[in-house]
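Trainee:
There are 2 protein chains.
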Amino acid sequence: MALYEKITIIGLGLIGSSMARGIKEKNLCKTLVGFDANEDIHEVINQLKLVDRLDKKLSDSVKDADLVILATPVGAYSSLGEIIGPHLKKGTTLSDVGSIKNAVFKMLNPYIPKNVHLIPGHPVAGTEQSGPKAGFSSLFHDRWAILTPADDADQSAVDQLTKFWQALGSNVEIMDPAHHDKVLAITSHVPHLIAYNIVGTARDLEEVTKSEVIKFSAGGFRDFTRIAASDPTMWRDVFLHNKDAVLEMLGRFNEDLTALQRAIRWDDGDALYEIFEKTRRIRKQIIDAGQEQDVADFGRHHED
Amino acid sequence: MALYEKITIIGLGLIGSSMARGIKEKNLCKTLVGFDANEDIHEVINQLKLVDRLDKKLSDSVKDADLVILATPVGAYSSLGEIIGPHLKKGTTLSDVGSIKNAVFKMLNPYIPKNVHLIPGHPVAGTEQSGPKAGFSSLFHDRWAILTPADDADQSAVDQLTKFWQALGSNVEIMDPAHHDKVLAITSHVPHLIAYNIVGTARDLEEVTKSEVIKFSAGGFRDFTRIAASDPTMWRDVFLHNKDAVLEMLGRFNEDLTALQRAIRWDDGDALYEIFEKTRRIRKQIIDAGQEQDVADFGRHHED
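Sequences listed follow chains A and B, in order.
Under our numbering, think of the first position of the first sequence as 1, with each following residue one higher.
Under our numbering, think of the first position of the second sequence as 305, with each following residue one higher.
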């Protein structure tokens, strides 16, 4: 069922191309237009028939669109906004899929006409892979899409965007943008930072060779390498645009880690046990909430 | 093919019961004896027919055994050694599966007769689940088993134990015990500590509710919950017995994390990008080495 006449997706990487596939599969618009600044991937986008029309010019791509989705690294939003702002139709909904939300208003408001509905969004879904080939339409199924409209947002535009994400298979949560940035700092940004960090630490050791790190990674290390394989540009931009919340959560993480470190140094087994014993329950709750699979070892292949 | 006449496994949790299954499947001994101090699980052990005989008395279980494997948390080794020491047969191989190796000699040497071959071992394999029901015979397939014999170890006993682990499906690496403890500190112990820590930090937040942490865990957090669901007693003992190497690796991790934190605070996008870009390759190398599967998102289920 068409929820919009014309949708434009700017950026056809993992998320943009997954949305394009879902939109096509569910016929959520009559015309789907795409734009991607990286011309090297245009052939793949066309081969995969991800969009009805892949425009060469950004300003052309958004003309007459009823919904425009930014699906690029968030660091590009200001320059995108400056280019597309004058070409957006009155009453259009402008949204995005970025992992930070408060800064979106600051970056786009200067360029976006008052008669355009700016409703930032964030589907909490993804894989460690990048690019149009990595996308798939079920990426958003049973995941949460967070919308962070301003207080004075047009309710019917918010409702329509909510239906859109539900049609892609998501649950939708409306949230204050600043609160979003705190929630995601602990559930996503700091975990990525720590994963990048430990993989970096391991790589730089002199006493332990890289081949040893690789051979014995099944001891736990390999679990961190998945999110540490995520797109570096996207993640650079996340940290630069969610500085306050990330630094706050990182401060708490560091305090807690210092306490654990001290417990190890002082042979305080009871303190260690108490912490290790509580964390098990959270995984069970995540599985119960349908946000994780209930098989051991992430269901890694264990048979011959 | 029977590699030993009689094998005794002390502790029939995830690792011990997986070994028992593999031993039975490959007929690696004529008699397989088990002991587990937790009588609550005896019924399950017997129902699953994991061993030929489940002894009630620890000292009985090791009598005439040609191979004795300790598969309990490492904190129990000293008291186990004191009890079994006088009952071990001359020429028996005593090994274990603990995640730390240097301390094993210190804990067991006082109690073990000179004519027993103490050859500590560590299969770098596991899941986040515990207990005899969680085990499976293919757990060790294509994983590495590390043996850390003393310099004066009996070579034929080492060779026989090597064959044993190879028969269970593992690759075998001979390593110096102190070096093992450093390698595993970075590939396993510190990753577990960090995972436990971030799950703990998230649980204790006031501004972000626990239900938000659970709902939006697909942003990356849930990857950490798997190893943070590991057995708390086992992990308490690992940290207490590998203090020096863990504190050293943790110190390096902290230095690197401080550098990342500083880069975020000072908006140094180039420094962030440089680190994030390098870590991707390590995952690919782990996959190429057969220590991780090559599907996105750990192969989590993405279809309806």
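From the three backbone atoms N, C-alpha and C, an ideal C-beta is built for every residue, glycine too.
Here the structure is a predicted model, which means the values were calculated and not measured.
When DSSP builds the beta bridges, which residues end up paired with B/L448?
Mentor: Here residue 448 of chain B turns out to be Trp, not Leu, going by the sequence shown. Per DSSP, B/N475.
Trainee: Just to confirm, is the Cβ distance from A/G11 to A/D36 under 8 Å?
Mentor: Contact flag set, yes.
Trainee: What does A/Q166 reach in chain C if we use C-beta pairs closer than 8 Å?
Mentor: No chain C is part of this structure, whose protein chains are labelled A and B.
Trainee: I'd like to know whether the C-beta of A/L28 is nearer than 8 Å to at least one C-beta of chain B.
Mentor: Cβ-Cβ to chain B under 8 Å: no for A/L28.
Trainee: With 7 Å as the limit, tell me which residues of the stretch 495-506 of chain B have their beta carbon closer than that to any beta carbon of chain A; keep them in chain order.
Mentor: Those would be P495, H496, L497, I498, Y500, N501, I502, V503, G504, T505 and A506, in chain order.
Trainee: Which stretch, first to last residue, makes up the alpha helix (DSSP H) that contains A/D256?
Mentor: A/D256 -> alpha helix (DSSP H) spans K243 to R265.
Trainee: Using a Cβ-Cβ cutoff of less than 8 Å, which residues in the same chain neighbour A/N109 once the five nearest sequence positions on both sides are dropped?
Mentor: For A/N109, where only same-chain residues beyond five positions count, the Cβ hits under 8 Å are L118.
Trainee: In this structure, what does DSSP give as the bridge partners for B/H421?
Mentor: Its beta-bridge partners are B/T397.
Trainee: Nearest CA to the CA of A/L205: which residue from B/F557, B/F409 and B/N419?
Mentor: Answer by Cα proximity: B/F557.
Trainee: Under 8 Å, do B/V494 and B/M553 count as touching if we go by C-beta distance?
Mentor: Yes; because the gap between Cβ atoms is below 8 Å, this pair is in contact.
Trainee: Can you list, in chain order, the residues of its chain with a C-beta nearer than 7 Å to that of A/E173? Leave out the 5 residues immediately preceding and following it.
Mentor: Contacts found: W144 and I146.
Trainee: Determine the direct distance from the alpha carbon of A/G220 to that of B/I498, and round the result to whole angstroms.
Mentor: Each residue's Cα considered, the two are about 11 Å apart.
Trainee: Quick check on A/D96 - is its C-beta less than 8 Å from some C-beta in chain B?
Mentor: No, A/D96 lies away from the interface with chain B (no Cβ there is under 8 Å from its Cβ).
Trainee: Does the stretch 424-444 of chain B come close enough to the stretch 341-358 of chain B to have 3 or more Cβ pairs within less than 8 Å?
Mentor: Counting Cβ pairs under 8 Å, three or more are found: they touch.
Trainee: When DSSP builds the beta bridges, which residues end up paired with A/P123?
Mentor: Looking at the DSSP assignment, A/P123 forms a beta bridge with A/A145.
Trainee: Where do the ends of the beta strand (DSSP E) carrying A/I69 lie?
Mentor: Its beta strand (DSSP E) spans residues L67 to L70.
Trainee: Report the rounded CA-to-CA distance for B/D455 versus B/V420, giving the unit in angstroms.
Mentor: Those two C-alpha atoms are separated by around 15 Å.
Trainee: Between the stretch 356-372 of chain B and the stretch 271-291 of chain A, can you find at least three pairs of beta-carbon atoms closer than 8 Å?
Mentor: Touching, no, given that fewer than three Cβ pairs across the two stretches are closer than 8 Å.
Trainee: Using a Cβ-Cβ cutoff of less than 6 Å, which residues in the same chain neighbour B/T312 once the five nearest sequence positions on both sides are dropped?
Mentor: Closer than 6 Å at Cβ, skipping near neighbours: V337, S365, V366, A369 and V372.
Trainee: When you compare the CB positions of B/V503 and A/T279, do they come within less than 8 Å of one another, or not?
Mentor: Yes, these two residues count as a Cβ contact at 8 Å.
Trainee: On a Cα-Cα basis, can you pick out the residue from A/H302, A/I214, A/S211 and A/L48 that is closest to A/S17?
Mentor: When only C-alpha atoms are compared, the closest one is A/L48.
Trainee: Who are the near neighbours of B/G402 in its chain, counting only those whose CB is closer than 6 Å to its CB and skipping five residues on each side?
Mentor: Cβ within range, chain order: V378.
Trainee: Select from the stretch 543-563 of chain B all residues with a C-beta closer than 7 Å to any C-beta belonging to chain A, and list them in chain order.
Mentor: Within the stretch 543-563 of chain B, the qualifying residues are F543, L544, K547, V550, L551, L554, R556, F557, D560 and L561.
Trainee: So within the stretch 193-219 of chain A, which uninterrupted alpha helix (DSSP H) runs reach at least 4 residues, ignoring any that extend past its ends?
Mentor: You should have 210-215.
Trainee: Name, in chain order, the residues that DSSP records as bridge partners for A/R32.
Mentor: The amino acid at residue 32 of chain A is misidentified as Arg; the sequence shows Leu. Answer is A/I7, bridged to A/L32.
Trainee: Which residues mark the beginning and the end of the alpha helix (DSSP H) in which B/P481 is found?
Mentor: That run of the alpha helix (DSSP H) goes P481 to L488.
Trainee: Spell out the partners DSSP gives A/R53 in its beta bridges.
Mentor: Paired residues: A/V33.
Trainee: Quick one: does A/K278 have its CB under 8 Å from some CB of chain B?
Mentor: At least one chain B Cβ lies under 8 Å of A/K278.
Trainee: By the criterion of Cβ-Cβ separation under 9 Å, what are the contact partners of B/R604 in chain A?
Mentor: Neighbours of B/R604 on chain A, chain order: T127, E292, Q293, F298 and G299.
Trainee: Sorted by chain position, which residues of the same chain lie with C-beta nearer than 7 Å to A/M175's C-beta, five sequence neighbours on each side aside?
Mentor: Excluding sequence neighbours, A/M175 sits near I146 and T148.
Trainee: Compare the C-alpha of B/E309 against each of B/E578, B/Q464 and B/N406 and name the closest.
Mentor: Answer by Cα proximity: B/Q464.
Trainee: Are the beta-carbon atoms belonging to B/N546 and B/I404 less than 8 Å from one another?
Mentor: Yes.
Trainee: Could you compute how far the alpha carbon of A/G126 sits from the alpha carbon of B/T491?
Mentor: So the two alpha carbons sit approximately 25 Å from each other.
Trainee: Would you kindly report the start and end of the unbroken alpha helix (DSSP H) that includes A/Q47?
Mentor: From DSSP, the alpha helix (DSSP H) with A/Q47 extends over H42 to Q47.
Trainee: Using the Cα positions of B/A533 and A/H87, report the straight-line distance between them to the nearest angstrom.
Mentor: Going from the Cα of B/A533 to the Cα of A/H87 covers about 52 Å.
Trainee: Please report how far the alpha carbon of A/V158 lies from the alpha carbon of A/G121, in whole angstroms.
Mentor: C-alpha separation (whole angstroms): 10 Å.
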